Every structure is written in C-alpha cells, then in structure tokens.
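Below: one structure, written as structure tokens.
Number of protein chains: 2
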Amino acid sequence: MNEFEIIEHFFRQAYPSSKGDLVLGIGDDAAIINVPNDSELVISMDTLVAGVHFFEDASAEDIAYKSLAVSLSDIASMGASPRWITLSLTLPEKNMTWIERFSSSFNALAKEYSLILIGGDLSKGPLAITVQVHGVSPKGKSLRRSGANVGDLIYVSGKLGAAAYALQYIQNSTSLPEPAASEKQRLHRPTPRVKTGVELRDVATSCIDISDGLLSDLGHILKASKVGAELNIADIPYSDSLKKIDKDLAIELALTGGDDYELCFTLTAGLPKDVLDELESICPVYCIGTITSKSAELLLMDENDEPYNIKTEAYRHF
Amino acid sequence: MNEFEIIEHFFRQAYPSSKGDLVLGIGDDAAIINVPNDSELVISMDTLVAGVHFFEDASAEDIAYKSLAVSLSDIASMGASPRWITLSLTLPEKNMTWIERFSSSFNALAKEYSLILIGGDLSKGPLAITVQVHGVSPKGKSLRRSGANVGDLIYVSGKLGAAAYALQYIQNSTSLPEPAASEKQRLHRPTPRVKTGVELRDVATSCIDISDGLLSDLGHILKASKVGAELNIADIPYSDSLKKIDKDLAIELALTGGDDYELCFTLTAGLPKDVLDELESICPVYCIGTITSKSAELLLMDENDEPYNIKTEAYRHF
C-alpha cells in the first residue's frame with residue numbers, strides 16, 4: 004500500500020467524509036469545516052517523539068492513545084468541546100501490523116469523544132506523532148490561564164503523581180514498591196478531563212492542564228493572572244502509591260512530576276454546593292490552596308503551617 | 004532558555020496575541036479564533052522530516068521556508084486565503100543560532116502572506132517540522148479535486164520539473180548541465196500560488212497542488228471527478244533546464260517529478276479572455292490538455308498525436 008492507500012484503509016474509512024459542520028474530511032488537499040456561528044474555535048497542537056515523550060518500545064496502542072489524549076487535555080483546559088482532529092504520523096518503516104494497531108487505538112479513543120479525523124500526513128522518518136485538536140466553545144466562554152483573582156480557591160481534578168511515580172519505578176524499580184496497574188496506566192494512557200473542562204467553562208476563573216507538573220503549570224496561571232498562591236501540602240491529592248514512599252519524594256513527584264494531565268483551576272470562594280457536586284459527579288476535585296496577591300510567588304505550607312521547600316526544579320521539555 | 008522562553012523570544016513576540024478574528028494567540032494551552040460567519044475554515048497539515056523531505060545539511064532558512072510554503076500550497080489549491088498557522092518544531096539540540104535563523108525565515112514568509120502564528124510545540128528529537136495552515140473561503144466556495152467535467156481544459160501554473168531536475172543534478176551532477184540558480188531555488192523555496200488559488204476560486208471546476216508530480220496529482224483529480232484526461236506532451240511548460248537535456252528524461256521529470264508546488268486546475272472551455280488575462284497577470288498559466296470521459300484513464304499524446312508512454316512510476320512518499 005502507498006501513503007494514500009494506507010490512509011484510506013486505516014483512517015479514512017473510519018470517519019465520515021462530511022457530517023454536520025464538517026464539509027469535507029480526509030481525501031482532498033485540505034479539510035473544510037463550518038464552525039458554528041455562535042462558537043469560537045479552540046486549537047491545540049502537540050508532538051510526541053519516540054524516546055523523549057514515550058519509551059522506544061511502547062506499544063502502538065499506547066502511543067496512539069497518549070498522542071491524542073495529551074492534545075485533548077489542552078482543549079479540556081480551555082473548557083472547549085473537542086470536535087475535529089488532524090494527525091501527522093512519521094514512521095521509520097511501513098509496518099502494517101503496527102499501523103493497524105495504532106489506528107485501531109487512535110480511532111477508538113476518537114470515537115469515545117465523538118471526534119472526527121479530518122486530515123493530516125504520513126511520512127517516513129524517526130517515530131513521532133503530531134496531533135492537533137480543534138474544539139468549540141460558545142463565543143467568549145473559553146477558559147484561560149489569566150483569570151484567577153485574589154481569594155479564589157485553587158483546585159485540581161483527580162490525583163497527582165501517578166505517572167511520575169510509574170516512570171521512577173520503571174527506571175529504578177528495585178528500590179521502590181510496585182505501583183498498581185491503574186497507576187502505571189496513567190503514564191501511558193492519561194485521562195483527558197474533557198467533561199470536567201466543559202463543566203468548568205461557566206464557573207472557573209482560570210484553568211490549565213498539568214503536563215509539566217503542578218508547580219510549573221500553576222506557575223503559568225499565576226504569571227498570566229498576575230497573582231500569587233499558597234498551597235497546603237497536606238491537601239494535595241497524592242496518588243495511592245505515593246502514600247507508601249518517602250514523604251519528600253512523594254511531595255516532589257506530586258508537585259513537580261510531569262504527565263498528570265489533570266486540570267488545575269481556580270474557583271471563586273463560596274460557590275453554591277451544587278456547583279461542586281456537579282463537578283464531583285464527573286471526577287473528584289480537590290481544593291489545594293488559595294490565590295494570593297503576592298505577584299508570581301508560590302508558597303508551599305506544610306501541615307504545621309510552616310513554609311515547605313521543595314528540592315528539585317520542575318520538569319523541562321527541552 | 005527553556006521551551007517557553009524560546010517560543011517567547013523567537014516566535015511569540017513576532018505576532019500579535021490577539022487581532023481581529025484572532026481572540027487568543029500563543030501563550031495559553033490553546034489558541035482561540037473567531038472564524039467569520041460567512042466563511043468556511045480550510046485546514047491542511049504537513050510534516051517535513053530531515054533526510055526525507057530536505058537534505059540533512061539544508062540551511063535553517065530554507066527548511067523554515069519550505070515547511071511553511073508546502074502547507075500554503077495546499078491551502079492555495081483549495082482557493083482559500085491562508086490566515087493562521089501552528090508550528091511544531093522538533094530539534095535534536097537547543098541550538099540558538101539555528102532557531103534564530105529558522106524563526107527569522109519562517110516569520111518573514113508568514114509576514115509576506117499576513118499570516119499569524121497562533122500556537123504549536125517545541126520538542127527534543129530528530130529534526131522534523133509540522134506546519135498546519137488554517138485558511139478561509141466564502142462558504143461553499145473552496146475548490147476541490149472532484150469538480151472536473153468532461154470537456155474542461157486542464158491548466159498548470161508556472162513551469163514544471165525545476166525542483167526534480169535540481170534534485171537530479173545535486174545527486175548526479177557530473178553528467179547533467181547545471182540548472183540556473185532560480186531553478187535550484189525551486190527545490191528549497193517553492194512559491195505557494197496563493198493569489199492564483201484565490202483568483203481560481205470563482206472560475207476553476209477543480210484544483211490540486213503538484214507535490215508528487217503532475218501525473219500523480221492530476222490522477223487524484225481524475226479519480227475524484229470520475230473522468231479521464233488527454234495531455235499534450237508538447238504543451239507542457241518545461242522549466243528552462245529541461246530544454247537542454249534528453250527529451251525523455253525532461254518529460255519524465257516534468258510529469259512525474261515531485262516538489263513543483265504549482266497548481267493543476269480545470270476550467271470550463273470558452274471562458275472570457277479577461278478571466279485568463281486576470282490569471283496571467285498573477286502568474287503564467289498553461290493549457291496542457293482536456294478532461295475526457297474515459298474514467299480514470301490518463302492519455303499522453305506526443306507532437307504527432309501518437310500515444311506517448313512514460314517510463315517511470317510517480318514519486319511515492321512512503
């Protein structure tokens with residue numbers, strides 16, 4: 004099969020060539036979309052590179068899942084509803100079995116969120132995947148990093164540190180207790196908090212997804228919103244395995260470990276209980292601190308209300 | 004500089020964070036666009052990989068130019084006006100000089116077409132560049148591959164074969180006459196026919212850009228339009244260097260060589276002269292044949308009106 008036949012066989016047939024707002028899907032020089040008049044278009048692109056963002060020997064299914072999930076996570080953090088995807092797949096060889104496994108996992112996750120693959124590219128080269136997700140929000144309603152106000156409460160969805168711990172365990176397994184399968188899974192198959200993001204659209208003052216570690220990503224909210232924050236170490240929702248290891252390491256992994264893909268967001272204090280109940284019905288959320296006026300400063304407080312100093316710098320991509 | 008500082012320094016500062024239809028540019032988890040209500044959104048993504056789509060030792064400036072130009076060419080072939088770009092840059096090392104040169108060339112070409120970079124990604128890994136261009140057309144007006152009708156005339160913009168000849172010359176220079184600098188340039192810096200595409204929007208019945216060679220790409224029009232074609236070898240606009248070499252090789256390069264990034268399009272026969280004059284005022288266009296009813300068959304005729312058989316298969320990506 005040549006490039007076009009591969010796309011036809013593994014991807015194009017899985018998606019409609021036009022449907023509703025999609026005027027033209029895979030199969031021409033470009034795709035055509037009618038963005039609904041009352042909506043703004045929200046766009047995010049992410050690339051995953053073999054040996055950098057995933058292990059060289061990761062399964063085709065996990066690679067496909069993670070490639071799509073991390074871009075969905077960005078769209079979730081904007082409170083947008085994901086709709087259309089483009090995919091550029093660069094592969095060292097035309098391995099049909101691998102492509103079949105990749106596409107079935109990719110197509111299944113896309114289906115779960117009713118996404119349509121509308122185009123992309125297939126190239127020969129070192130294994131890498133670029134996904135762009137296109138979502139929609141009612142005009143003016145998308146969440147940003149910049150809306151946090153002094154006095155707002157800081158929340159995170161889900162539990163933190165599972166992916167970072169799984170990575171530590173894989174790289175240094177002899178000295179650490181084995182994480183549960185569900186926690187290992189978080190490294191390869193993070194859950195994009197799409198429904199939580201959409202629910203937050205009308206209530207959160209700011210939002211970001213935690214891809215580089217809580218402190219680094221909350222730091223972006225603080226910088227964009229020109230505020231500070233105080234976090235209570237004891238209120239962080241540590242992933243289960245972190246409760247079995249050295250406390251300082253657990254804190255470091257939960258606060259600076261990458262790849263959580265949970266949402267960190269701010270809510271005005273004193274919201275009605277039903278707002279939080281509605282959020283909780285989708286995914287547990289945890290209040291971990293307060294927005295303060297100290298510009299761009301981030302204070303960590305321990306259980307005795309004493310400042311806590313963390314040991315390492317946040318993860319950096321590059 | 005970390006990832007965010009590099010983006011800030013080399014890219015973000017070169018573009019507005021919001022302007023007109025752009026609600027939010029680089030610097031959040033995603034970009035936000037208000038697509039005009041009377042427009043449809045046209046989207047194309049392309050990846051270029053070092054050693055596959057360009058030479059490993061190509062200049063940062065040429066790589067940047069070509070990465071953007073090839074995606075612009077796809078948008079041009081739809082007759083759309085390019086507006087917003089996303090860029091994913093994967094680099095083996097954080098070489099600031101290289102990034103500075105890449106970004107200045109990329110930003111300059113973007114400026115030439117009034118494009119705004121709205122987001123993307125920066126990763127460590129083998130050199131590769133993915134660009135997605137987002138354009139707009141009046142609703143229902145974008146060109147497709149599927150509209151060619153029996154009796155339509157087949158045209159191409161510009162001259163063919165320069166890039167393929169430059170590649171042959173570089174790989175096998177001793178036996179071939181040296182191409183002019185402007186022809187060598189076509190391999191590294193193809194001209195996306197954006198203005199021609201927009202002009203064609205109201206007159207062409209189908210359009211495609213020639214990235215894989217005329218026969219291969221015209222073949223896509225024939226397949227999508229369920230028609231055949233007859234091309235006259237003598238009417239092909241051969242690039243100047245091709246006139247100095249063996250005739251069969253010249254025909255092969257012009258008809259099957261990749262990387263032309265000219266437009267191939269069909270026009271109803273008998274259009275008023277001013278339509279063609281208007282097209283000619285932007286870029287020369289050449290009538291090379293006729294759409295026939297022979298489904299998916301492509302006949303080549305020589306100057307004696309005898310069938311001509313070409314020797315090689317069209318270039319394949321993969």
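Heads up: the protein sequence lines correspond to chains P and L, in order.
Residue 4 is where the first sequence starts when you use this note's numbering, and the numbers rise one by one after that.
Residue 4 is where the second sequence starts when you use this note's numbering, and the numbers rise one by one after that.
Glycine is no exception: its CB is placed at the ideal position from the N, C-alpha and C atoms.
Bear in mind the structure is a predicted one, so any value in this text is a computation, not a measurement.
With DSSP collapsed to three states, give me the class of Met81 of chain L.
To locate residue 81 of chain L, count along the second sequence from 1; it is residue 78. In the three-state reduction of the DSSP assignment, Met81 of chain L falls in the coil class.
If you draw a straight line from the C-alpha of Ser244 of chain L to the C-alpha of Phe13 of chain P, how long is it?
Here residue 244 of chain L refers to the residue found at position 241 when the second sequence is read from its first residue. Here residue 13 of chain P refers to the residue found at position 10 when the first sequence is read from its first residue. Rounded to the nearest whole angstrom, the CA to CA distance from Ser244 of chain L to Phe13 of chain P is 41 Å.
One or two residues paired with Gly123 of chain L in a DSSP bridge
Your numbering for residue 123 of chain L matches position 120 in the second sequence. Looking at the DSSP assignment, Gly123 of chain L forms a beta bridge with L:Leu90.
Could you tell me which chain L residues have their CB closer than 8 Å to the CB of Met81 of chain P, listed as they occur along the chain?
Taking the first sequence and counting its residues from 1, the one referred to as residue 81 of chain P is at position 78. For Met81 of chain P, the residues of chain L that pass the 8 Å Cβ criterion are Asp31, Asp32, Ala33 and Ile35, in the order they occur in the chain.
Can you give me the Cβ contacts of His223 of chain P inside the same chain, cut-off strictly under 8 Å, excluding the 5 residues immediately before and after it?
For this step, residue 223 of chain P is matched to residue 220 along the first sequence. Same-chain partners within the cutoff: Arg148 and Ile211.
Out of L:Pro129, L:Thr177 and L:Val26, state which residue places its alpha-carbon closest to the alpha-carbon of Gly1 of chain L.
Lying outside 4 to 321, the shown extent of chain L, residue 1 of chain L is not represented and no answer is given.
CB contact below 8 Å: Leu27 of chain L versus chain P:
Locating residue 27 of chain L in the second sequence gives position 24, counting from the first residue. Yes, contact with chain P.
Taking its Cβ as the centre, do 16 or more other Cβ atoms sit within 10 Å of Gln174 of chain L, making it buried, or is it exposed?
Residue 174 of chain L sits at position 171 when you count from the first residue of the second sequence. Classification of Gln174 of chain L: exposed, given that the 10 Å Cβ count is below 16.
In terms of alpha-carbon separation, which member of L:Leu279, L:Met304 and L:Asp220 lies closest to Val206 of chain L?
As a working note, residue 206 of chain L is residue 203 in the second sequence. Considering only alpha carbons, the answer is L:Leu279.
Looking at Ala232 of chain L: is its Cβ nearer than 8 Å to the Cβ of Thr271 of chain L?
Taking the second sequence and counting its residues from 1, one reaches residue 232 of chain L at position 229. Taking the second sequence and counting its residues from 1, one reaches residue 271 of chain L at position 268. No, the Cβ-Cβ distance between Ala232 of chain L and Thr271 of chain L is not below 8 Å.
Using only the alpha-carbon positions, how far apart do Pro95 of chain P and Trp101 of chain P sit?
Within the first sequence, residue 95 of chain P is the residue found at index 92, counting from 1. Within the first sequence, residue 101 of chain P is the residue found at index 98, counting from 1. Spanning the two alpha carbons is a distance of roughly 11 Å.
What does Thr89 of chain P reach in chain L if we use C-beta pairs closer than 9 Å?
Locating residue 89 of chain P in the first sequence gives position 86, counting from the first residue. Ile46, Ser47, Met48 and Gln135, listed in chain order.
Ala166 of chain L - DSSP class collapsed to helix/strand/coil:
Locating residue 166 of chain L in the second sequence gives position 163, where the first residue counts as 1. In this structure, Ala166 of chain L counts as helix in the three-state DSSP scheme.
Give the single residue among L:Glu103, L:Ala167, L:Glu43 and L:Pro195 whose Cα lies nearest to the Cα of Glu115 of chain L.
As a first step, residue 115 of chain L must be located in the second sequence, where it is residue number 112. When only C-alpha atoms are compared, the closest one is L:Pro195.
Residue ranges of each alpha helix (DSSP H) run of no fewer than 4 residues wholly in the stretch 224-303 of chain L, ordered along the chain?
250-259 and 276-285
I'd like to know whether the C-beta of Tyr318 of chain P is nearer than 8 Å to at least one C-beta of chain L.
Counted from its first residue, the first sequence places residue 318 of chain P at position 315. With a pLDDT of only 42 at Tyr318 of chain P, under 50, the local geometry of the prediction cannot be trusted, and no value is derived from it.
For Tyr68 of chain P, the three-state DSSP class (helix, strand or coil):
Counting from 1 along the first sequence, the entry for residue 68 of chain P is found at position 65. Note: Tyr68 of chain P maps to helix in three-state DSSP.
For the stretch 143-173 of chain L, which residues have a CB atom closer than 9 Å to at least one CB atom of chain P, in sequence order?
Gly143, Ser145, Leu146, Arg147, Arg148 and Ser149
For Ile66 of chain L, I'd like the list of residues in its chain whose CB is within less than 6 Å of its CB, leaving aside the five on either flank, ordered along the chain.
Along the second sequence, one-based indexing puts residue 66 of chain L at 63. Closer than 6 Å at the Cβ level, and outside the excluded window around Ile66 of chain L, lie Phe57.
Cβ of Asn40 of chain P less than 8 Å from any chain L Cβ?
Translated into the one-based positions of the first sequence, residue 40 of chain P becomes position 37. Answer yes: the Cβ-Cβ gap between Asn40 of chain P and chain L drops below 8 Å somewhere.
Based on the DSSP secondary-structure assignment, which residues constitute the bridge partners of Glu43 of chain P?
As a first step, residue 43 of chain P must be located in the first sequence, where it is residue number 40. DSSP, once it has assigned bridges, lists P:Ser140 as partnering Glu43 of chain P.
Opposing strand residues paired with Val52 of chain P [DSSP bridges]:
If you number the first sequence from 1, residue 52 of chain P lands on position 49. Answer is P:Ala131.
What residues in the stretch 98-116 of chain P bring their beta carbon closer than 7 Å to a beta carbon of chain L?
none
Any beta carbon from chain P within less than 8 Å of Val201 of chain L's own beta carbon?
Taking the first residue of the second sequence as 1, we reach residue 201 of chain L at position 198. Val201 of chain L does not count as touching chain P.
Could you please give the first and the last residue of the uninterrupted alpha helix (DSSP H) stretch that includes Ala184 of chain L?
On the second sequence, position 181 is the one that residue 184 of chain L refers to. Residues Ala184 to His191.
Listing by chain order, which chain L residues have their CB less than 7 Å from the CB of Thr93 of chain P?
Taking the first sequence and counting its residues from 1, the one referred to as residue 93 of chain P is at position 90. Contact annotation for Thr93 of chain P against chain L: Thr50, Val52 and Ala131 [CB-CB distance below 7 Å, chain order].
Please determine if the stretch 258-275 of chain L and the stretch 174-186 of chain L are in contact, where contact requires at least 3 C-beta pairs separated by less than 8 Å.
no
Can you tell which of P:Ala253, P:Lys250, P:Gly260 and P:Leu234 has its C-alpha closest to the C-alpha of Phe268 of chain P?
Against the first sequence, residue 268 of chain P aligns to sequence position 265. Phe268 of chain P has its Cα closest to that of P:Leu234, out of P:Ala253, P:Lys250, P:Gly260 and P:Leu234.
Cα-Cα separation, Leu71 of chain P to Ser108 of chain P
Sequence index remark: in the first sequence, residue 71 of chain P carries index 68 (1-based). Sequence index remark: in the first sequence, residue 108 of chain P carries index 105 (1-based). Taking the straight line from one Cα to the other gives about 10 Å.
Taking the beta strand (DSSP E) that Ala208 of chain P falls in, what are its first and last residues?
As a first step, residue 208 of chain P must be located in the first sequence, where it is residue number 205. Checking the sequence shown, residue 208 of chain P turns out to be Thr, not Ala. Counting along the chain, the beta strand (DSSP E) containing Thr208 of chain P begins and ends at Ala207 to Asp212.
Could you have a look at Leu112 of chain L and say whether DSSP puts it in helix, strand or coil?
Numbered from 1 along the second sequence, position 109 holds the residue referred to as residue 112 of chain L. In the structure shown, Leu112 of chain L sits in a helix (DSSP, three-state: H, G or I).
Contacts of Ile213 of chain P in chain L (Cβ-Cβ under 9 Å):
Translated into positions along the first sequence, residue 213 of chain P becomes position 210. Correct list: empty, because the minimum Cβ distance to chain L is about 11 Å.
Assuming Met99 of chain P contacts Leu146 of chain P (C-beta within less than 8 Å), just tell me the rounded distance between them.
Translated into positions along the first sequence, residue 99 of chain P becomes position 96. Translated into positions along the first sequence, residue 146 of chain P becomes position 143. Between Leu146 of chain P and Met99 of chain P the Cβ distance is about 41 Å, and since that is not below 8 Å, they are no contact.
CA-to-CA distance, Lys162 of chain L to Tyr241 of chain L, given in whole angstroms
Within the second sequence, the letter at position 238 stands for residue 241 of chain L. Within the second sequence, the letter at position 159 stands for residue 162 of chain L. Distance between the alpha carbons of Tyr241 of chain L and Lys162 of chain L is about 6 Å.
Could you run through the stretch 246-262 of chain P and flag, in chain order, every residue whose CB is less than 7 Å away from some CB of chain L?
none
Contacts that Ile78 of chain P makes with chain L (C-beta to C-beta distance below 9 Å):
Here the question's residue 78 of chain P lines up with position 75 in the first sequence. Neighbours of Ile78 of chain P on chain L, chain order: Asp32 and Ala33.
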